[in-house]
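Q: Just so you know, the protein sequences line up as chains C, S, X, W, H and L, in that order. Residue 45 in this note's numbering sits at position 52 of the first sequence; the count goes up by one each step and never skips. Residue 17 in this note's numbering sits at position 24 of the second sequence; the count goes up by one each step and never skips. Residue 15 in this note's numbering sits at position 22 of the third sequence; the count goes up by one each step and never skips. Residue 26 in this note's numbering sits at position 33 of the fourth sequence; the count goes up by one each step and never skips. Residue -4 in this note's numbering sits at position 3 of the fifth sequence; the count goes up by one each step and never skips. Residue 47 in this note's numbering sits at position 54 of the sixth sequence; the count goes up by one each step and never skips. All residues carry an ideal CB built from backbone N, CA and C; glycine is no exception. Fair warning: this is a prediction, and the values are worked out from it, not measured in the lab. My structure is below; once you've seen it, I'll send some questions.
There are 6 protein chains.
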Amino acid sequence: MKLSARNVLKGKVVSVEKGTTTAHVKIEIANGQTVTSSITNESVDALGLTVGAEAYAVIKSSDVIIAVD
Amino acid sequence: MKLSARNVLKGKVVSVEKGTTTAHVKIEIANGQTVTSSITNESVDALGLTVGAEAYAVIKSSDVIIAVD
Amino acid sequence: MKLSARNVLKGKVVSVEKGTTTAHVKIEIANGQTVTSSITNESVDALGLTVGAEAYAVIKSSDVIIAVD
Amino acid sequence: MKLSARNVLKGKVVSVEKGTTTAHVKIEIANGQTVTSSITNESVDALGLTVGAEAYAVIKSSDVIIAVD
Amino acid sequence: MKLSARNVLKGKVVSVEKGTTTAHVKIEIANGQTVTSSITNESVDALGLTVGAEAYAVIKSSDVIIAVD
Amino acid sequence: MKLSARNVLKGKVVSVEKGTTTAHVKIEIANGQTVTSSITNESVDALGLTVGAEAYAVIKSSDVIIAVD
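The following block contains the structure:
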């Protein structure tokens, strides 16, 4: 499957924290930086996300804000 | 200024393409991966974004989708 | 590739309108309803989107607002 | 009220699951496809959402990703 | 029509700038603060948005980032 | 830090409600209108958000829907 989303960052799951309905998943991308994602618990189960698994952080370019110092 | 957004990825601007109202800016983050952002032309001017400038890609965790192969 | 996004609606591309940097693509999903997407021209080219092609509209559940009459 | 959001999909609420602060609501749209929405518990109460109620899934076109096989 | 979106800010349209496909609309909310919106040209036409018109800026709470100095 | 996000509304925190993973924070902006934000509990702690604190609601223009009566 190919996606229109311009940002597909490959990494490894480093933490999965489930709440009552919403989970937070952290993915370490190649340079040691970590990306945090907030998804449904249902998705965590459907994708079988566990610490150590390979995964991608997918981000639509219209959701990326730019900042400068 | 501190942000609630959990993802603030530092990098360098590698391209700025202005459209009629909307611009696309690419930032190379540390590991050679590039993040594409779609922002207003007005923001490009307000931030003085040019190729080579240091910048951050800021992404709210609720905007990050996870994918697995 | 499996996605955490809970909404993956299958359909057929019924129009592709490119702007200077941003394109609008309409996908007719099974019941005659049409979903409009705003993506980069770059994505239209990368996915080879043309009228008549099969495609999916992918939507994160945190981006869905509910309305009632 | 008329909305700029290009996607207003009519359907029927098929499930409402409240978490501690965030709820997940599923709406079956006309062709049997289901759309999942993540909203605040506060909104569930304000709209009186219950299973069987008519409702709309409202999605801004900039939040729709396109995928192809 | 009632919306799950928690933020519905009433104001007056102070500018409408159409691009090739995407328009930028500014709404002055009650205290002189201006909210900028990026929507499709199609929506500008469908809503008949012109300077001086009353309008609402509708924002889902999951799209609001918090910042502190 | 300067942001590409066109909407930075200054206000005061009037409520902080933590869930299991996700918190809802309300900010009263200058004209008495309140903006609700849904962020991670982690962000509430990182920013030290408490009732009465000065804060900004930051919103990307592509996340603002326009509505008219």
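Got a sec: which bits of the region 44 to 56 of chain X sit with their beta carbon under 9 Å from any beta carbon on chain W, in order along the chain?
A: Within the region 44 to 56 of chain X, the residues whose Cβ lies closer than 9 Å to some Cβ of chain W are ALA46, GLU47, ALA48, TYR49, ALA50, VAL51, ILE52, LYS53, SER54, SER55, ASP56, listed in chain order.
Q: Quick check on the DSSP output: the alpha helix (DSSP H) that includes C/LEU2 runs from which residue to which?
A: The residue given as residue 2 of chain C occupies position 9 in the first sequence. No alpha helix (DSSP H) holds C/LEU2; the beta strand (DSSP E) holding it covers 0 to 11.
Q: For L/ASP56, is the classification buried or exposed, using 16 other Cβ atoms within 10 angstroms of its Cβ as the cut-off for buried?
A: Sequence index remark: in the sixth sequence, residue 56 of chain L carries index 63 (1-based). Buried.
Q: Are the CB atoms of L/SER54 and S/THR27 within a distance shorter than 8 Å?
A: Here residue 27 of chain S refers to the residue found at position 34 when the second sequence is read from its first residue. Here residue 54 of chain L refers to the residue found at position 61 when the sixth sequence is read from its first residue. In this structure, L/SER54 does not lie closer than 8 Å to S/THR27 by Cβ.
Q: Among W/VAL61, W/LEU2, W/ALA23, W/SER36, which one has its Cα closest to the Cα of W/GLY12?
A: Residue 12 of chain W sits at position 19 when you count from the first residue of the fourth sequence. Nearest of W/VAL61, W/LEU2, W/ALA23, W/SER36 to W/GLY12, Cα basis: W/SER36.
Q: Verify the CB distance criterion: does W/SER8 have a CB-CB separation below 8 Å to chain H?
A: Counting from 1 along the fourth sequence, the entry for residue 8 of chain W is found at position 15. Output row for W/SER8: interface = no.
Q: S/THR43: buried (16+ other C-beta within 10 angstroms of its C-beta) or exposed?
A: On the second sequence, position 50 is the one that residue 43 of chain S refers to. S/THR43 should be labelled exposed.
Q: Contact criterion: CB-CB distance below 8 Å. Does H/THR14 meet it with respect to chain L?
A: Looking up residue 14 of chain H in the fifth sequence gives position 21. So no, H/THR14 is outside the interface.
Q: Please list the partners that S/LEU40 has in chain L, where partner means a Cβ-to-Cβ separation under 9 Å.
A: Residue 40 of chain S sits at position 47 when you count from the first residue of the second sequence. Under the 9 Å cutoff, chain L gives LYS(-5), LEU(-4), SER(-3).
Q: Can you grab the Cα-Cα spacing for the pair H/ALA60 / L/ASP38, in whole Å?
A: Taking the first residue of the fifth sequence as 1, we reach residue 60 of chain H at position 67. Taking the first residue of the sixth sequence as 1, we reach residue 38 of chain L at position 45. Each residue's alpha carbon lies about 13 Å from the other.
Q: Please report the Cβ distance between L/ILE20 and L/VAL9, rounded to the nearest whole angstrom; I am assuming they are in contact, meaning their Cβ atoms lie under 8 Å.
A: Here residue 20 of chain L corresponds to residue number 27 of the sixth sequence, with the count starting at 1. Here residue 9 of chain L corresponds to residue number 16 of the sixth sequence, with the count starting at 1. L/ILE20 to L/VAL9, Cβ: 10 Å. No contact.
Q: Which stretch, first to last residue, makes up the beta strand (DSSP E) that contains H/VAL57?
A: Taking the fifth sequence and counting its residues from 1, the one referred to as residue 57 of chain H is at position 64. H/VAL57 -> no beta strand (DSSP E), and no H or E assigned at all.
Q: Leaving out five residues before and five after C/ILE22 in sequence, what residues of the same chain have Cβ atoms less than 8 Å from its Cβ?
A: Position 29 of the first sequence, counted from the first residue, corresponds to residue 22 of chain C. So the qualifying residues of the chain are LEU2, LYS3, GLY4, VAL28, ALA50.
Q: Tell me, please, whether the CB atom of L/GLU21 is closer than 8 Å to any CB atom in chain S?
A: Sequence index remark: in the sixth sequence, residue 21 of chain L carries index 28 (1-based). No, L/GLU21 does not count as interfacial toward chain S.
Q: Consider the Cβ of X/THR27: report whether some Cβ of chain C lies at a distance smaller than 8 Å.
A: In the third sequence, residue 27 of chain X corresponds to position 34, counting from 1. Closer than 8 Å: no.
Q: Excluding the 5 residues preceding and the 5 following L/ALA(-2) in the sequence, name in chain order all residues of the same chain whose CB lies nearer than 8 Å to its CB.
A: For the purposes of this step, residue -2 of chain L is taken as the residue at position 5 of the sixth sequence. If we look at L/ALA(-2) and ignore the five residues flanking it on each side, its Cβ neighbours are VAL51, ILE52, LYS53, SER54.
Q: Expressed to the nearest angstrom, what Euclidean distance is found between the alpha-carbon atoms of W/ALA48 and X/MET(-6)?
A: Counting from 1 along the fourth sequence, the entry for residue 48 of chain W is found at position 55. Counting from 1 along the third sequence, the entry for residue -6 of chain X is found at position 1. Computed Cα separation, rounded: 31 Å.
Q: Please work out which residues of its chain come closer than 8 Å, Cβ to Cβ, to H/LEU40, disregarding the five sequence neighbours upstream and downstream, and give them in chain order.
A: In the fifth sequence, the residue the question calls residue 40 of chain H occupies position 47. Cβ neighbours of H/LEU40 beyond the five flanking positions: ALA48.
Q: I need the straight-line Cα distance from C/ASP62 to W/GLY45, nearest angstrom please.
A: Locating residue 62 of chain C in the first sequence gives position 69, where the first residue counts as 1. Locating residue 45 of chain W in the fourth sequence gives position 52, where the first residue counts as 1. Taking the straight line from one Cα to the other gives about 51 Å.
Q: Contact criterion: CB-CB distance below 8 Å. Does L/ILE32 meet it with respect to chain S?
A: The residue labelled residue 32 of chain L in the question sits at position 39 within the sixth sequence. Taking Cβ atoms only, chain S reaches closer than 8 Å to L/ILE32, which makes this a yes.
Q: Run through chain B and tell me which residues come within less than 8 Å of X/VAL18, C-beta to C-beta.
A: Among the chains of the structure shown, chain B does not appear; the protein chains present are C, S, X, W, H and L.
Q: Figure out for me which residue from H/ASN0, H/SER30, H/THR14 has the closest Cα to the Cα of L/GLY25.
A: By 1-based counting over the sixth sequence, the position of residue 25 of chain L is 32. L/GLY25 has its Cα closest to that of H/ASN0, out of H/ASN0, H/SER30, H/THR14.
Q: If we ignore side chains and look at the alpha-carbon of each, how far apart do X/SER30 and S/SER30 end up?
A: Within the third sequence, residue 30 of chain X is the residue found at index 37, counting from 1. Within the second sequence, residue 30 of chain S is the residue found at index 37, counting from 1. Approximately 17 Å between the Cα atoms of the pair.
Q: Determine the DSSP secondary structure at C/VAL37, reduced to helix, strand or coil.
A: Here residue 37 of chain C refers to the residue found at position 44 when the first sequence is read from its first residue. Helix.
Q: Where DSSP assigns a beta bridge to L/VAL28, which residues make up the other side?
A: Here residue 28 of chain L refers to the residue found at position 35 when the sixth sequence is read from its first residue. Answer by DSSP bridge pairing, in chain order: L/ILE20.
Q: Determine the direct distance from the alpha carbon of W/LEU(-4) to that of H/ALA16, and round the result to whole angstroms.
A: Indexing the fifth sequence from 1 puts residue 16 of chain H at position 23. Indexing the fourth sequence from 1 puts residue -4 of chain W at position 3. Rounded to the nearest angstrom, the two C-alpha atoms are 15 Å apart.
Q: Is C/LEU(-4) near the ligand FMN, in the sense that its beta carbon is under 7 Å from a heavy atom of that ligand?
A: By its list of ligands, the structure shown contains no ligand whatsoever, and the ligand FMN lies outside what it can speak to.
Q: Measuring only the C-alpha atoms, how far is W/ILE58 from L/ILE58?
A: Counting from one through the fourth sequence, the residue named residue 58 of chain W turns up at place 65. Counting from one through the sixth sequence, the residue named residue 58 of chain L turns up at place 65. Answer to the nearest angstrom: the Cα atoms are 18 Å apart.
Q: Would you kindly report the start and end of the unbroken beta strand (DSSP E) that includes S/VAL51?
A: Position 58 of the second sequence, counted from the first residue, corresponds to residue 51 of chain S. Element bounds for S/VAL51: 47 to 52.
Q: Tell me, which residues are paired with S/LEU42 by DSSP?
A: As a position in the second sequence, residue 42 of chain S is number 49, starting the count at 1. Its beta-bridge partners do not exist; DSSP assigns none.
Q: 8 Å is my cut-off, CB to CB: does X/VAL37 come that close to chain H?
A: Counted from its first residue, the third sequence places residue 37 of chain X at position 44. Not closer than 8 Å to any Cβ of chain H, the Cβ of X/VAL37 fails to qualify, so no.
Q: If you reduce the DSSP assignment to three classes, tell me which class C/THR14 lands in.
A: Residue numbering aside, residue 14 of chain C sits at position 21 when the first sequence is read from its first letter. Three-state result, C/THR14: coil.
Q: Using a Cβ-Cβ distance cut-off of 8 Å, determine whether H/VAL1 contacts chain S.
A: Within the fifth sequence, residue 1 of chain H is the residue found at index 8, counting from 1. No, no contact with chain S.
Q: How long is the line joining the alpha carbons of L/VAL18 and S/THR14, rounded to whole angstroms?
A: Against the sixth sequence, residue 18 of chain L aligns to sequence position 25. Against the second sequence, residue 14 of chain S aligns to sequence position 21. Using only the alpha carbons, I get a separation of about 32 Å.
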